[in-house]
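Student: Right, I'll just put the structure down here and ask away after.
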Amino acid sequence: MLYTIVPEEYIFAVSDDVGHFQEVAYLGRQVLVQPVDQRRCQIVQLLSNDPSDFLVTALSPGNIIAFP
Amino acid sequence: MRLDQGAKTEDLPSEKDSPTSANVETMQEFGQLRLPSTESNLHVMTIVGQIEGHMILPPQNKTTKYEHIIPQLVAIEQNPKIEGLLVVLNTVGGDVEAGLAIAEMLATMSKPTVSLVLGGGHSIGVPIAVGARYSFIAETATMTIHPIRLTGLVIGVPQTFEYLDKMQERVVRFVVNNSGISTECFRELMFRTGELARDIGTVVIGKEAVQARLINEVGGLAQALAKLRQLCRGGE
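Heads up: the sequence lines are chains A and P, in that order.
Our numbering puts the first residue of the first sequence at 1035, with every later residue one more than the last.
Our numbering puts the first residue of the second sequence at 16, with every later residue one more than the last.
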């Protein structure tokens, strides 16, 4: 049961042009990545609750990394 | 990790796909493998977009996943190096069960927790905001308080209403028990007409949430962190 201000038709709208993300471990942290090609992917989001992790440039969103 | 392997990877295509060579490549490209060891004693949890529970939402939704948040809360509660938790909310609501689960976990943590509503803390974001020991709302942040809706196949029997009312009651009871707001006041905000364009309910902005005693204080990052540090030192 959803309790949200977003109308159901927006939540379940069908759209093709959105990226599919994958969760991988990188440098010991969980990151959400979007595949760029077979071997590389781009960091979309860092999934951590330690604020100091967000100061690590290697983990910044936008970084292209080899698929860990 | 051995540095000297880096130069060899080109000559050895068979090794290219091994996990070791992938790490070496990463190191060559970005020059970093070790994380700095500075660890913060205050952790931060951001709850953004839709709160995702039983159902995986379509990919155009930005979501905060139950299965990410719950283990993190357990880890924070257990890790002796972590003293407190700041919960930053900018959510449009989401799954009732997942939202209430996160709120209950926050409310029952022994470590100090402070929530900060930035942007919006709507619908099921309200129990999460009040679940923390002390709550802040930014001056411009909003919270929408409205009734739960039933969508999809609805059987037109009185039991449907009773079921809906029960679900509603879970949210109302949690919010009333964990904040200063009274049941009457919260229900009045929830069922008010004429304020929302597509729904009944209310939008409270910044200090209105404090006046309704839903949120403890209007403030931003500095106030929230100062309060968290104070709670960590044993203050109230």
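C-beta atoms are modelled at their ideal positions from N, C-alpha and C, and glycine is treated no differently.
Given the structure is predicted, the values throughout are model-derived calculations rather than measurements.
When the cut-off is 8 Å and only beta carbons count, does residue 86 of chain P lie next to chain A?
Tutor: It does not; no Cβ of chain A falls within 8 Å.
Student: Going straight from the alpha carbon of residue 217 of chain P to that of residue 137 of chain P, what length do you get?
Tutor: 10 Å
Student: By how many angstroms is the C-alpha of residue 222 of chain P removed from the C-alpha of residue 141 of chain P?
Tutor: Using only the alpha carbons, I get a separation of about 15 Å.
Student: Run through the DSSP bridge pairs and tell me what residue 110 of chain P is partnered with.
Tutor: According to DSSP, residue 110 of chain P bridges with A:1036.
Student: When the Cβ atoms of the stretch 178 to 195 of chain P are set against those of the stretch 140 to 155 of chain P, are three or more pairs found closer than 8 Å?
Tutor: yes
Student: With DSSP run on the structure shown, which of helix, strand or coil describes residue 148 of chain P?
Tutor: coil
Student: Beta-carbon of residue 75 of chain P versus every beta-carbon of chain A: anything under 8 Å?
Tutor: yes
Student: Residue range of the alpha helix (DSSP H) that residue 163 of chain P falls in?
Tutor: Neither: residue 163 of chain P is in no alpha helix (DSSP H) and is coded neither H nor E.
Student: I believe residue 1086 of chain A touches residue 53 of chain P by the beta-carbon criterion, under 8 Å. Please report the beta-carbon distance rounded to the nearest angstrom.
Tutor: 5 Å
Student: Could you check where the alpha helix (DSSP H) with residue 196 of chain P kicks off and where it finishes?
Tutor: Counting along the chain, residue 196 of chain P falls outside any alpha helix (DSSP H), and DSSP gives it neither H nor E.
Student: Can you grab the Cα-Cα spacing for the pair residue 111 of chain P / residue 100 of chain P, in whole Å?
Tutor: For residue 111 of chain P and residue 100 of chain P, the distance between alpha carbons rounds to 23 Å.
Student: Quick one: list the residues of chain A neighbouring residue 233 of chain P, beta-carbon separation under 8 Å, in chain order.
Tutor: Identification of chain A residues near residue 233 of chain P by a Cβ-Cβ cut-off of 8 Å yields none; the smallest Cβ-Cβ distance measures about 21 Å.
Student: Taking a Cβ distance cut-off of 7 Å, strictly less, list which residues of the stretch 55 to 66 of chain P are near chain A, in chain order.
Tutor: Contacts with chain A (Cβ-Cβ distance below 7 Å) from the stretch 55 to 66 of chain P involve 55, 58, 59, 60, 65, listed in chain order.
Student: Mind checking the stretch 1060 to 1094 of chain A against chain P and listing, in chain order, the residues whose C-beta falls within less than 7 Å of any C-beta there?
Tutor: Those residues of the stretch 1060 to 1094 of chain A placed with their C-beta closer than 7 Å to a C-beta in chain P are 1061, 1062, 1081, 1083, 1084, 1085, 1086, 1090, 1092, ordered along the chain.
Student: Taking CB distances under 8 Å as the criterion, tell me whether residue 110 of chain P reaches chain A.
Tutor: yes
Student: Cα-Cα, which of P:107, P:75, P:161 is closest to residue 210 of chain P?
Tutor: Of P:107, P:75, P:161, the residue nearest in Cα terms is P:161.
Student: Drop a sphere of 10 angstroms on the beta-carbon of residue 233 of chain P, count the other beta-carbons inside from all chains shown, and report buried for 16 or more, exposed for fewer.
Tutor: buried
Student: How is residue 182 of chain P classed by DSSP in three states: helix, strand or coil?
Tutor: helix
Student: I need the DSSP call for residue 80 of chain P, collapsed to helix, strand or coil.
Tutor: strand
Student: Can you tell me the Cβ-Cβ gap for residue 88 of chain P and residue 131 of chain P, rounded? I've got them flagged as a contact below 8 Å.
Tutor: Not a contact, Cβ separation roughly 17 Å.
Student: Can you tell me the Cα-Cα spacing of residue 164 of chain P and residue 62 of chain P, whole angstroms?
Tutor: Straight-line spacing of the CA atoms in residue 164 of chain P and residue 62 of chain P works out to 22 Å.
Student: To the nearest angstrom, how far is the alpha carbon of residue 1070 of chain A from that of residue 109 of chain P?
Tutor: Straight-line Cα distance between these residues: approximately 30 Å.
Student: Can you check whether the C-beta of residue 244 of chain P is within less than 8 Å of a C-beta belonging to chain A?
Tutor: no
Student: Kindly list the residues whose CB is nearer than 8 Å to the CB of residue 115 of chain P, restricted to its own chain and excluding five residues on each side of it in sequence; keep chain order.
Tutor: 139, 142, 185, 186, 189
Student: So that I know if they touch, is there some Cβ in chain A lying closer than 8 Å to that of residue 240 of chain P?
Tutor: no
Student: Kindly say whether residue 121 of chain P, judged by its beta-carbon, lies nearer than 8 Å to any beta-carbon of chain A.
Tutor: no
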